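Protein chains in written order, with the working numbering: chain B, 1 to 704; chain C, 705 to 882. Okay, so here's the structure we're looking at.
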Amino acid sequence: MAPDHILESFLAKEGFALFEHLGNGVFRPIGDFPPWLARTWGAQFERSATVRLGQHSAFLENFLVDAEEFWKAKKDGSANSGNWIERGEAGDQTPLEAAALWLDGRPVLLIRNFLRSFGEQKQWLQTARDSLLAHEQLVREIQKKEILLHCIIHDLSQPLSAMRGCFNCLTAGDLPADLGRYVDLGQRESQRQEQMIRGILEAFSGELAGQMSGAEKAADTVDLAERARHAVESFSAAFRGKGVHLQLDPALDPSRDWTSIGDAPRVDRIFGNLLENAMRYTPRGTAVTLGVVEKGNSLLAFVDDEGPGLPKGEPADKLFMLFAKGKDRPGKAGLGLYFCKMTVERWGGTIGAETRSRGGSRFWFSLPRAQSLATASKNAAANQTPPARRLPAQGSQERGLLEKGSKHQPAKETATPPARRNLAQAEKALRILVADDSEINRELAMELLKTRGHSTLGVSDGHQVIEALKKQRFDVVLMDEEMPEMGGLEATRAIRKAELSSGQHQAIIGLTGNATKEDEEECLKAGMDGFLSKPFDMHKLFQTLESAALGASRIASETPSALKTPDAPAEDVAAHLQRTTAGNEKLIRSLIKSFLADAPKKLSAIRQAISRKNAETVGSAAHALKGAVAIFGAPHAVASARNLESMGRAGNLANAVQEFQALEAELQILERQLRALNAAPRPKSKPARPARRPRRKTPTGGAR
Amino acid sequence: MITQKICMLGSFSVGKTSLVRRFVERIFFDKYHTTIGVKVDKKTVPVNNTPVELALWDIYGEDDYQKVKMMYLRGMHGYLLVVDGTRRQTLDVALALNDKVTQTIRDVPFVLLLNKCDLADQWEIEPDTDKTYAAKGWQVLRTSAKTGENVDEAFSQLSLAMLAKMNSTSSPGESRST
């Protein structure tokens, strides 16, 4: 047997079929045919001296175009078809691959049956893809779990915080010893529940649990520049594959301190998500730049791309929402950026995206500097106010005094217990507009402020704030940053714009769930006078609002008379009477005498009307009493009478009992003042000392 | 007889092979079997009362291991762009493939198939994805190789579009008659 024939026989046994290309799609078989050939393309195939291979296989017909180009170009090497499956006449399937090459100066087509390696190749590819699918499934499951835990943290903890706030309010009030014990119990149990939530998180997600209690734990620090460099190294190959140049910002100075709060694995994950996002949208031939810059007390890391920029008309915040995807430029599952946001915000940072002025997008996140965090913690520790503790014995004693007061006994000076000392009445009662879309948060803030002696009105969005301010004046507005319809920032900007022509200045304190420097800056930039973060400390709340009101009164260009609205809480009764009667002592005594004789009757009429649910009489009797009380100033009593009048006129007596109790308490104070004034030999020179007003539980919502 | 080449394009495990098997053989297997290389199946269908042989090129799914060679698309008359609705990233892959195709071969009819609609409760793609792309003038169908929902409809719509394209051009393109 000639050596050539031995080789041809060997190739046939190994599953190779060789054909010499004669041109125009015609081939001449070389050597023996392998068994698969007749099985696949028929027995007549073997009997032909020349064949048109393209007629037997659509795949081969397609490949022969490339093969003929290869032979025509007389290139070195070979042109390969890639794998295909050829179905035989009997339905059996044969895995084949073809190559065009030059052999011994002749254009040759080699077709190989790779059945032996096919199984192996299929097995590893199947395994790889099964693993990939399993991994995708696992990632989805993990993300679902993390979202669930996220909900536990935010959604379950939030009402718990509110409950604890309510307990604080109760603690601040005057409770009998037995009720006090229940409050203590409630407080203890709410704390226990919070610990249990944390315990569950620690068991199921160490990462999230750490984030939940991040404020209490010493946070890790991370070198952002180092992580940026690491990200560039890790992703360079992938970007190169896409024809995009990934680079570190040349302006990044490695000798400087780029340490922020955070930890390396999660910062890597954030960079990774942002880079994957950039890779998705950045066109071939452009560059993506990753860097870190200083921004106040924070460090801002960014990923700049040269893509189409953010979708027009869509807020950048939306990109970071759960399952958010760019319109017409979809990303993956819409979780990557959401997790970036979750992580960054838990470290007290912020994240965002914007279209760059020079084109492309900038995705950024800022984290507090490690140094500023340490300073903040130190300051927080130094400024921490010890928790107010209610002293049951003293509390009940005070409660007793107030109860006695309701029976017209004079108020007695008592030592303010330690817990109450912090909750002493404000020097000046303020009218405060509380704007928060969360009803519980709004009620809580209002209740705390009332405890302090301030009057409040609650609204739930920015539009309502503006409307309320048109109707009446408030010393200060406590404005939640995020509200539906119109948020706090937008409302503040609108108020400030209106003030340009009025010359007035409304004190506004921002309230937000995020305690970051950037949020504070946002609030101040919008025109707010100050900033409080949730959950707020009540002492801080009082201090901030009262300082703001004081500051605003200095800032405001209002005339002194403008401040004397009917509700203004400045004057005491004696001074009021002196002013309104021009010091006519006889008239003053006459007025007092009439009032003391008449007011109990009017009060009784209201009480009876309420018990009989006679709204009309409540309205008219309250109106009459309001006029009588207004003679003596007494803004709080007037306000209560006015509220009752409104309730009666509206036919809604749901809160009338509580309002009546408030009115009764106010009238007791007024009565004491008037009796003292009447008994004084020279009221003109010695005005009656204002009595302490009792704290009262009142229905919420009404301005006083 | 007119022969029309249709390519099945999409990421791996989106159901390209299952759609072809459902259409040609009327069967469905739940277990995923990866496709290696290319397999060409044929089915003759009446289109506008004319028998048309469809050569269905079931091309392996694109992923990091295998990239679709554009040479397989030569002479293609239309293609089905297949997405697995339960895996968000398969839409990205399909869109990227579509970009590649349109850069290489212009004006070829195609239908976007949002497959696995029997698992719609597990979909990761946005519910209005079909409307989004339909608004761009694309033909979009929700399909299920498992239940057979819209499978024939998908091939039928594409066939009609291919024939319309063929008739609108003066040359019969690369179709061949046997």
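Where a beta carbon is used, it is the ideal one built from N, C-alpha and C, also for glycine. These numbers come from a predicted model, not from an experiment.
Give me the chain C residues within the contact set of residue i, using Cβ-Cβ distance strictly less than 8 Å, ordered along the chain.
i: B/ASN62; result: MET775, TYR776, ARG778, GLY779
i: B/VAL244; result: The contacting residues do not exist; B/VAL244 stays about 14 Å from chain C at best.
i: B/LYS122; result: THR738, ILE740
i: B/LEU185; result: Within chain C, no residue comes near B/LEU185; the closest Cβ sits about 45 Å away, beyond 8 Å.
i: B/LEU133; result: SER717, TYR736
i: B/PHE167; result: Chain C residues near B/PHE167: none, gap ~42 Å exceeds 8 Å.
i: B/ASP66; result: MET775
i: B/PHE118; result: ILE740
Where does the unbroken beta strand (DSSP E) through residue i begin, and where does it stop?
i: B/GLN93; result: 93 to 103
i: C/CYS711; result: 706 to 714
i: B/MET479; result: 476 to 480
i: C/ASP788; result: 782 to 788
i: B/VAL65; result: It is not in any beta strand (DSSP E) - B/VAL65 instead sits in the alpha helix (DSSP H) that spans 58 to 73.
i: C/ASN871; result: First-last for C/ASN871: 855 to 872, but that is the alpha helix (DSSP H), not the beta strand (DSSP E).
i: B/THR350; result: 350 to 355
i: C/ASN819; result: 814 to 819
i: B/GLY633; result: That residue, B/GLY633, is in no beta strand (DSSP E); it is neither H nor E in DSSP.
i: B/GLY291; result: 287 to 295
i: B/LEU457; result: 455 to 459
i: B/GLN247; result: 245 to 248
i: B/THR343; result: Not the beta strand (DSSP E): B/THR343 falls in the alpha helix (DSSP H), residues 336 to 346.
i: B/THR259; result: 259 to 261
i: B/GLN506; result: Per DSSP, B/GLN506 belongs to no beta strand (DSSP E) and is neither H nor E.
i: B/THR221; result: 221 to 223
Please report the residue range of the alpha helix (DSSP H) in which residue i lies.
i: C/ASP803; result: 793 to 808
i: B/GLU86; result: No alpha helix (DSSP H) holds B/GLU86; the beta strand (DSSP E) holding it covers 78 to 87.
i: B/ILE495; result: 488 to 502
i: B/GLU35; result: The question names Glu, but residue 35 of chain B is Pro in the sequence shown. 35 to 41 is the extent of the alpha helix (DSSP H) around B/PRO35.
i: B/LEU469; result: 462 to 471
i: B/ASN273; result: 264 to 281
i: B/ASP529; result: Where B/ASP529 is concerned, there is no enclosing alpha helix (DSSP H), given that its DSSP letter is neither H nor E.
i: C/SER722; result: 720 to 729
i: B/ILE669; result: 656 to 679
i: C/ALA838; result: 833 to 838
Can you give me the Cβ contacts of residue i inside the same chain, cut-off strictly under 8 Å, excluding the 5 residues immediately before and after it?
i: B/LEU248; result: ALA228, ARG229, VAL232, THR289, LEU290, GLY291
i: B/GLN464; result: ALA435
i: C/LEU723; result: MET712, LEU784, VAL786, LEU817, ASN819, THR847, ALA849, VAL855, ALA858
i: B/SER190; result: LEU160, MET163, ARG164, PHE167
i: B/GLU8; result: LEU18, ILE30, GLY31, ASP32
At 8 Å on the CB atoms, spell out the chain B contacts of residue i, in chain order.
i: C/LYS743; result: TRP84, ILE85, ARG87, GLN93
i: C/ALA759; result: ALA58
Residue i versus chain C: which residues are under 7 Å apart at the beta carbon?
i: B/VAL288; result: By Cβ distance, chain C contributes nothing, its closest Cβ being about 18 Å from B/VAL288, past 7 Å.
i: B/GLN143; result: The premise fails here: B/GLN143 is roughly 11 Å from chain C at the closest Cβ pair, so nothing lies under 7 Å.
In chain order, what residues of the same chain lie with their CB nearer than 7 Å to the CB of residue i, ignoring the 5 residues before and after it?
i: B/ASP752; result: Any property of residue 752 of chain B remains undetermined from this structure, which presents chain B solely from 1 to 704.
i: B/ASP598; result: ALA628
i: C/GLN826; result: THR790
i: C/CYS821; result: GLY789, ARG846, THR847, SER848, GLU853
i: B/GLY352; result: ALA316, TRP364
i: B/PRO330; result: Here the model assigns B/PRO330 a pLDDT of 40, short of 50, so the residue's position is not dependable, and the following value carries that caveat. Counting only Cβ-Cβ distances below 7 Å, and skipping sequence neighbours, we find nothing.
List the residues of chain B that residue i touches, going by C-beta distances under 7 Å, in chain order.
i: C/PHE716; result: ARG129
i: C/ARG791; result: GLU136
i: C/TYR769; result: LEU125, ALA128
Please go through the same chain and pick out, in chain order, the residues whose beta-carbon is closer than 6 Å to the beta-carbon of residue i, but skip the five residues on each side of it.
i: C/LYS869; result: PRO813
i: B/GLN93; result: ILE85, ARG87
i: B/VAL293; result: LEU300
i: B/ILE6; result: none
List, in chain order, every chain C residue whose beta-carbon is nearer than 9 Å to that of residue i.
i: B/PHE339; result: Going along chain C, no residue has its Cβ under 9 Å from B/PHE339, so there is no contact; the nearest lies around 15 Å.
Listed in chain order, which residues of the segment 81 to 92 of chain B have Cβ atoms closer than 9 Å to some Cβ of chain C?
SER81, GLY82, ASN83, TRP84, ILE85, GLU86, ARG87
Give me the subset of the segment 726 to 743 of chain C whose CB atoms are less than 8 Å from a CB atom of chain B, sorted by chain position.
TYR736, HIS737, THR738, ILE740, GLY741, VAL742, LYS743
Taking a Cβ distance cut-off of 7 Å, strictly less, list which residues of the segment 15 to 31 of chain B are near chain C, in chain order.
none
Interface positions of the segment 291 to 307 of chain B facing chain C (Cβ-Cβ less than 9 Å), listed along the chain:
none
Any beta strand (DSSP E) of 3 or more consecutive residues that is wholly inside the segment 733 to 759 of chain C
742 to 751
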